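Chains as they are written, first to last, in this note's numbering: chain A, 143 to 354; chain B, 42 to 51.
Right, dumping it as structure tokens:
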């Protein structure tokens, strides 16, 4: 564990708490992509199967439980209490285009051709693109509530902090995880456009609005 | 250690 990774995980945790807070305070899940949230459940469940057979640390154990539990809770809220505030008509990204290629790539690129390793690879690749339905929704509506942008910013910061973590690990432990690094760079790259608008508008006190 | 042996990141 190093500071970059710890802060990254903290940002990830914070992003989820911000999202849950947004839903409860605005009594709405408007502007949130159900598809992205469902993909995150798939990501966490397929990656954390090792909860059953590998012990890493108490920290690792509880974080995994939190990510699985909170992502399921978000789906539950979106399908029950806040269902009327959800608009499937604008959440139209075709997730088959993500699930298909991720499955194929996971079958090709994995550290061992075993069910759990293939699922692990799949979860890494899927996480890297799981935000796309959300960004697509944002693009379609052209604007977002400020709290929603804070959620996305925290998620982006989480990914960005994993990059110095890998650099640090390379120099201190000699650890290189090519699958995680490649997917992580792609994932971080997807946030660049968002961050430009977030920094130039939201952090200056303006509303998040995309140029027409 | 090889990455597949650890997977210690979240």
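A virtual CB, placed ideally from N, CA and C, is assigned to each residue, including glycine. These numbers come from a predicted model, not from an experiment.
Three-state class that DSSP yields for residue i in the structure shown
i, result
"residue 350 of chain A", "strand"
"residue 156 of chain A", "helix"
"residue 259 of chain A", "helix"
"residue 286 of chain A", "strand"
"residue 271 of chain A", "helix"
"residue 49 of chain B", "coil"
"residue 244 of chain A", "helix"
"residue 214 of chain A", "helix"
"residue 173 of chain A", "coil"
"residue 144 of chain A", "coil"
"residue 238 of chain A", "helix"
"residue 206 of chain A", "helix"
"residue 222 of chain A", "coil"
"residue 164 of chain A", "helix"
"residue 201 of chain A", "helix"
"residue 301 of chain A", "helix"
"residue 253 of chain A", "coil"
"residue 276 of chain A", "helix"
"residue 342 of chain A", "helix"
"residue 195 of chain A", "coil"
For residue j and residue i, believed in contact at Cβ under 8 Å, the rounded distance
i, j, result
"residue 137 of chain A", "residue 279 of chain A", "Given that chain A is displayed from residue 143 to residue 354, the structure contains no residue 137 of chain A and the question cannot be resolved."
"residue 49 of chain B", "residue 198 of chain A", "5 Å"
"residue 146 of chain A", "residue 257 of chain A", "About 31 Å separates the two Cβ atoms, so there is no contact after all."
"residue 173 of chain A", "residue 288 of chain A", "With 8 Å as the limit, residue 173 of chain A and residue 288 of chain A do not qualify as a contact, their Cβ atoms being about 11 Å apart."
"residue 179 of chain A", "residue 217 of chain A", "6 Å"
"residue 268 of chain A", "residue 244 of chain A", "5 Å"
"residue 185 of chain A", "residue 296 of chain A", "In fact, because the Cβ distance is near 17 Å, the residues do not count as touching under 8 Å."
"residue 162 of chain A", "residue 212 of chain A", "7 Å"
"residue 232 of chain A", "residue 282 of chain A", "5 Å"
CA nearest to the CA of residue i, picked from the options
i, options, result
"residue 274 of chain A", "A/299, A/248, A/287, A/241", "A/241"
"residue 299 of chain A", "A/333, A/248, A/189", "A/333"
"residue 224 of chain A", "A/234, A/165, A/215, A/206", "A/165"
"residue 195 of chain A", "A/248, A/301, A/259, A/340", "A/259"
"residue 270 of chain A", "A/341, A/182, A/314", "A/182"
"residue 152 of chain A", "A/205, A/192, A/163", "A/205"
"residue 110 of chain A", "A/284, A/251, A/266, A/322", "In this structure chain A extends from 143 to 354, so residue 110 of chain A is not present and cannot be described."
"residue 235 of chain A", "A/323, A/177, A/313, A/167", "A/177"
"residue 261 of chain A", "A/314, A/191, A/327", "A/191"
Spatial neighbours of residue i in its chain, beta-carbon cut-off 7 Å, leaving aside the 5 residues before and after
i, result
"residue 336 of chain A", "277, 294, 298"
"residue 310 of chain A", "144, 146"
"residue 344 of chain A", "288, 291, 350"
"residue 339 of chain A", "350, 352"
"residue 329 of chain A", "269, 270, 301"
Beta-carbon contacts of residue i that lie in its chain and below 8 Å, excluding the five residues immediately before and after
i, result
"residue 227 of chain A", "169, 170, 171, 172"
"residue 263 of chain A", "247, 248, 251, 252, 253, 321"
"residue 347 of chain A", "none"
"residue 210 of chain A", "183, 186, 187, 190"
"residue 203 of chain A", "193, 197"
Cβ-based neighbour list, residue i, same chain, cut-off 6 Å, excluding 5 preceding and 5 following
i, result
"residue 401 of chain A", "Not covered by the structure: residue 401 of chain A. The range shown for chain A is 143 to 354."
"residue 326 of chain A", "304"
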